[in-house]
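**Q**
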Amino acid sequence: MLKNILVALDGSEIAERVIETVDELVLSPDSTVIICHVFPSPESEMELPADRPQPESPTLSYFQIEKQLQSYQEKLSVNSQLELVTGDPADEIIRFANIYEVDLIIIGSRGLTGMKRIVQGSVSSQVVEEAHCSVLVVKPN
Numbered sequence: 000m001l002k003n004i005l006v007a008l009d010g011s012e013i014a015e016r017v018i019e020t021v022d023e024l025v026l027s028p029d030s031t032v033i034i035c036h037v038f039p040s041p042e043s044e045m046e047l048p049a050d051r052p053q054p055e056s057p058t059l060s061y062f063q064i065e066k067q068l069q070s071y072q073e074k075l076s077v078n079s080q081l082e083l084v085t086g087d088p089a090d091e092i093i094r095f096a097n098i099y100e101v102d103l104i105i106i107g108s109r110g111l112t113g114m115k116r117i118v119q120g121s122v123s124s125q126v127v128e129e130a131h132c133s134v135l136v137v138k139p140n
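Per numbering that gives the first Met the number 0, the sequence shown runs over residues 0 to 140.
#1: Could you please give me the residues that DSSP links to C35 through a beta bridge?
#2: How do the region 26–41 and the region 123–133 stand: do at least 3 beta-carbon pairs fall below 8 Å, yes or no?
#3: Hey, V137 and I13: beta-carbon distance below 8 Å or not?
#4: Rounded to whole angstroms, what is the Cα-Cα separation between E15 and D87?
#5: For K2, which residues in the same chain have their Cβ closer than 8 Å to its Cβ, ignoring the five residues on either side in sequence?
#6: Mapping the DSSP letters down to three states, classify V77 as helix, strand or coil.
#7: From I92, N97, Y99, pick the residue whose C-alpha is nearest to that of S123; which is it?
#8: Just to confirm the assignment, what range does the beta strand (DSSP E) spanning S124 have?
#9: Determine which residues share a DSSP beta bridge with L24 and list them.
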């Protein structure tokens with residue numbers, strides 16, 4: 000049975016689909032969903048090579064993300080809480096999974112392929128490899 004579920008959202012258009020997937024799960028009334036968002040740390044942006052394309056900088060502020068996550072939280076029929084942190088997204092997701100001893104991580108995939116995937120990396124792939132629990136990757140339509 001799934002008692003603790005970590006839902007990692009990045010503010011992209013796939014977030015709504017991830018929440019719909021969570022809502023489709025049959026969860027017990029005592030389950031808890033932890034919704035998290037990780038803001039990339041400024042120093043990780045400083046380390047990016049200048050000769051490579053850079054990922055788009057986040058356009059949503061902390062308060063906009065928090066408000067968006069609260070609206071998702073209201074849609075859930077089980078207990079939930081929010082976590083917003085700054086750091087390396089994959090590392091922070093794994094850290095939260097360990098802290099909360101989650102049974103499942105649900106994360107979206109932007110569906111990057113080719114050079115974009117090589118340059119920008121894949122948070123979902125790293126989480127799948129490093130997590131100590133099951134990971135459900137929600138793909139774009």
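Even for Gly, the Cβ is constructed at its ideal location relative to N, Cα and C.
These figures come from a predicted structure and were not determined experimentally.
**A** Reading it off the structure:
#1: A7, E82
#2: no
#3: yes
#4: Going by C-alpha positions, E15 is about 22 Å away from D87.
#5: S27, D29, S30, T31, D102
#6: coil
#7: I92
#8: From DSSP, S124 is part of no beta strand (DSSP E) but of the alpha helix (DSSP H) over 122–129.
#9: Partner(s): none; L24 has no beta bridge.
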